[in-house]
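Input: a single structure, listed below in structure tokens.
2 protein chains.
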Amino acid sequence: MKSFILMGQSNMAGRGDFGEVPEIVNLNCFMMRNGRWVNMSEPINPDRTVFGTGFHSGVGLSASFADEYAKYFKEDIGLVPCADGGTSLSEWMPGEILYDNAVNNAKLALRTSEISGILWHQGENDSIEESDARTYGERFLQMISTFKADIGIDNLPVIVGGLGSFAKKRLNGKLKYLDIVNQTLCEMPQKLDFCEYASADGLNHRGDFIHFNSQSYRILGKRYFEAYLRCVK
Amino acid sequence: MKSFILMGQSNMAGRGDFGEVPEIVNLNCFMMRNGRWVNMSEPINPDRTVFGTGFHSGVGLSASFADEYAKYFKEDIGLVPCADGGTSLSEWMPGEILYDNAVNNAKLALRTSEISGILWHQGENDSIEESDARTYGERFLQMISTFKADIGIDNLPVIVGGLGSFAKKRLNGKLKYLDIVNQTLCEMPQKLDFCEYASADGLNHRGDFIHFNSQSYRILGKRYFEAYLRCVK
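Residue numbers (the working numbering), protein chains in the order written: chain A, 194 to 426; chain B, 194 to 426.
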């Protein structure tokens, strides 16, 4: 089985409401639990409470990504959830808990699957301070490079996604440097081998100006898969 | 903060229906997600799908354990979910994925908390074959001894719980050796230092003759806490 590591902040974990879109049921799709594989069902990345009307672990982009993957390649796929809401890139650097947790889980995944990529969506938390935004690219490259070395896969595909431009309206414009981070993510394929970018253009938020709504997560997951195809073709 | 590692099979993970008992809200209780701590909310150990009318991750015994602990000691407590449904003790031995995952998570927990115990509930899957049941004790002792060494805590409290006797009626009596495993668990405190036993006497199942119902999980969690108190006093 092929597997993908989910890393990033809440929009990778998924915060969409469950009732908004049909559940994706695909018996070729799996998610990691305790280092093992179980049938995929959302929330795939339960980093927060599942219930509640506000922030909660919910629909994310990885479900439609996996569904598209399984249908296209006609093979099983496993998702390794490691994303954590509200986190900055600095919390993902080598030696940090989130990084080490992702390496631990990737190494467990390697025992029973072939890791075929990283799905990354993060950057909102690095759009507040200018220094974070301007150094995002170099820090991301350093993290990915170390991660590849730590799990021993050089040519690992990395799919990065765009941030919703609606986030610029959040908290009276607190995410001032969102365009800089977005531009950095968009240009990442020019700086990193086996990397492709999935755009968030035209997608909508769930009313909080930060998290995509469930319909948009479904579309974004498909765009991640299209980006993956570009990466491996 | 003090933390406890949750290990075992589905009755440690929790399979109780959500609506059956009031939610436990205690801001001194936390659960591990991606190596970090978030406010406790069930399902604490989401090893399976959360939704569905059959087997699903739900109410478990650890919530009321944590609630009692926080109230009694007036301090924060963190739960480290590592339990996985349908697993045999052989799948928990050193070097197996579940064991290594638990060690990984315990080591992450050690960075930000003091591990104060293991909560173990397992044995149904070792009640089918006589050889599994009769060797349960020695194998469990070996696993726990290695685990303590791997995380570097010699005098770690270990709370084990009784299996529901109703399980003897499951699947036309397939769990033939349940009494042997239960007796072994009950006598574990005589063989293992800092170990106590929480009885499942009088508790009820959720209709499937294997998983406790939510009310019983709440009671069992309190019994685990009483056992823990005996252990440390």
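All C-beta atoms, glycine included, are put in the ideal place defined by N, C-alpha and C.
On a predicted model such as this, the values are computed, not experimentally measured, just so you know.
Partner residues on chain B for residue i, Cβ-Cβ distance less than 9 Å
{"i": "residue 350 of chain A", "result": "By Cβ distance, chain B contributes nothing, its closest Cβ being about 22 Å from residue 350 of chain A, past 9 Å."}
Residue i - containing alpha helix (DSSP H), residue span
{"i": "residue 385 of chain A", "result": "Neither: residue 385 of chain A is in no alpha helix (DSSP H) and is coded neither H nor E."}
{"i": "residue 336 of chain B", "result": "329-344"}
Host beta strand (DSSP E) of residue i (start-end)
{"i": "residue 224 of chain A", "result": "222-226"}
{"i": "residue 307 of chain B", "result": "307-314"}
{"i": "residue 415 of chain A", "result": "Counting along the chain, residue 415 of chain A falls outside any beta strand (DSSP E), though it belongs to the alpha helix (DSSP H) covering 407-425."}
{"i": "residue 232 of chain A", "result": "229-232"}
{"i": "residue 196 of chain A", "result": "195-201"}
{"i": "residue 354 of chain B", "result": "351-354"}
Closest Cα partner of residue i within the set the options
{"i": "residue 293 of chain A", "options": "A/306, A/275 and A/374", "result": "A/275"}
{"i": "residue 245 of chain A", "options": "B/234, B/419, B/350 and B/270", "result": "B/234"}
{"i": "residue 284 of chain A", "options": "A/333, A/230, A/248 and A/391", "result": "A/333"}
{"i": "residue 403 of chain A", "options": "A/313, A/248, A/220 and A/212", "result": "A/248"}
{"i": "residue 281 of chain B", "options": "B/203, B/358 and B/369", "result": "B/203"}
{"i": "residue 394 of chain A", "options": "A/422, A/240 and A/360", "result": "A/360"}
{"i": "residue 242 of chain B", "options": "B/258, B/206 and B/194", "result": "B/206"}
{"i": "residue 299 of chain A", "options": "A/289, A/229 and A/368", "result": "A/229"}
{"i": "residue 236 of chain A", "options": "A/223, A/227 and A/250", "result": "A/250"}
{"i": "residue 295 of chain B", "options": "B/268, B/223, B/343 and B/194", "result": "B/343"}
{"i": "residue 366 of chain B", "options": "B/384, B/322 and B/399", "result": "B/322"}
{"i": "residue 199 of chain B", "options": "B/350, B/253, B/400 and B/311", "result": "B/311"}
{"i": "residue 297 of chain B", "options": "B/369, B/279, B/209 and B/341", "result": "B/341"}
{"i": "residue 254 of chain A", "options": "A/209, A/370, A/266 and A/345", "result": "A/209"}
{"i": "residue 215 of chain A", "options": "A/368, A/252, A/337 and A/194", "result": "A/252"}
{"i": "residue 345 of chain A", "options": "A/314, A/399, A/384 and A/304", "result": "A/304"}
{"i": "residue 400 of chain A", "options": "A/418, A/384, A/364 and A/371", "result": "A/364"}
Chain-ordered neighbours of residue i on chain B, where CB pairs are closer than 7 Å
{"i": "residue 215 of chain A", "result": "Near residue 215 of chain A there are no residues of chain B at all, since even the closest Cβ is about 13 Å away, more than 7 Å."}
Chain A contact residues for residue i, given Cβ-Cβ distances below 9 Å
{"i": "residue 290 of chain B", "result": "227, 228, 229, 301, 304 and 305"}
{"i": "residue 423 of chain B", "result": "Within chain A, no residue comes near residue 423 of chain B; the closest Cβ sits about 29 Å away, beyond 9 Å."}
{"i": "residue 241 of chain B", "result": "226, 231, 232 and 234"}
Contact list for residue i against chain A, beta-carbon separation under 8 Å
{"i": "residue 244 of chain B", "result": "211 and 234"}
{"i": "residue 277 of chain B", "result": "226, 227 and 229"}
Close beta carbons around residue i, own chain, < 7 Å, minus the five adjacent residues each side
{"i": "residue 374 of chain A", "result": "316, 319, 320, 326, 329 and 356"}
{"i": "residue 220 of chain B", "result": "232"}
{"i": "residue 392 of chain B", "result": "355 and 416"}
{"i": "residue 396 of chain A", "result": "357, 405, 409, 412 and 413"}
{"i": "residue 277 of chain A", "result": "202, 206, 240 and 291"}
{"i": "residue 222 of chain A", "result": "233, 259, 260, 263 and 270"}
{"i": "residue 339 of chain B", "result": "287"}
{"i": "residue 377 of chain B", "result": "329 and 330"}
Neighbour list for residue i in chain B, Cβ cutoff strictly below 8 Å
{"i": "residue 287 of chain A", "result": "None at all; the shortest Cβ gap to chain B is about 14 Å."}
{"i": "residue 347 of chain A", "result": "Here the premise fails: no neighbours, minimum Cβ distance about 24 Å."}
Partner residues on chain A for residue i, Cβ-Cβ distance less than 7 Å
{"i": "residue 222 of chain B", "result": "The contacting residues do not exist; residue 222 of chain B stays about 12 Å from chain A at best."}
{"i": "residue 294 of chain B", "result": "227, 228 and 301"}
{"i": "residue 433 of chain B", "result": "In the structure displayed, chain B extends from 194 to 426; residue 433 of chain B sits before or after that span and is not available."}
Close-in-space but distant-in-sequence residues of the same chain around residue i (CB under 6 Å, 5 per side omitted)
{"i": "residue 217 of chain A", "result": "256 and 260"}
{"i": "residue 389 of chain A", "result": "352, 382, 420, 423 and 424"}
{"i": "residue 362 of chain A", "result": "402"}
Cβ shell of residue i (< 8 Å), same chain only, five flanking positions each side left out
{"i": "residue 196 of chain A", "result": "225, 270, 271, 272, 273, 302, 306, 307, 308 and 309"}
{"i": "residue 348 of chain B", "result": "386 and 387"}
Practice task
Could you pull out every unbroken beta strand (DSSP E) segment of at least 3 residues lying fully inside the region 234-299 of chain A, listed in chain order?
Solution key: Runs found: 270-274.
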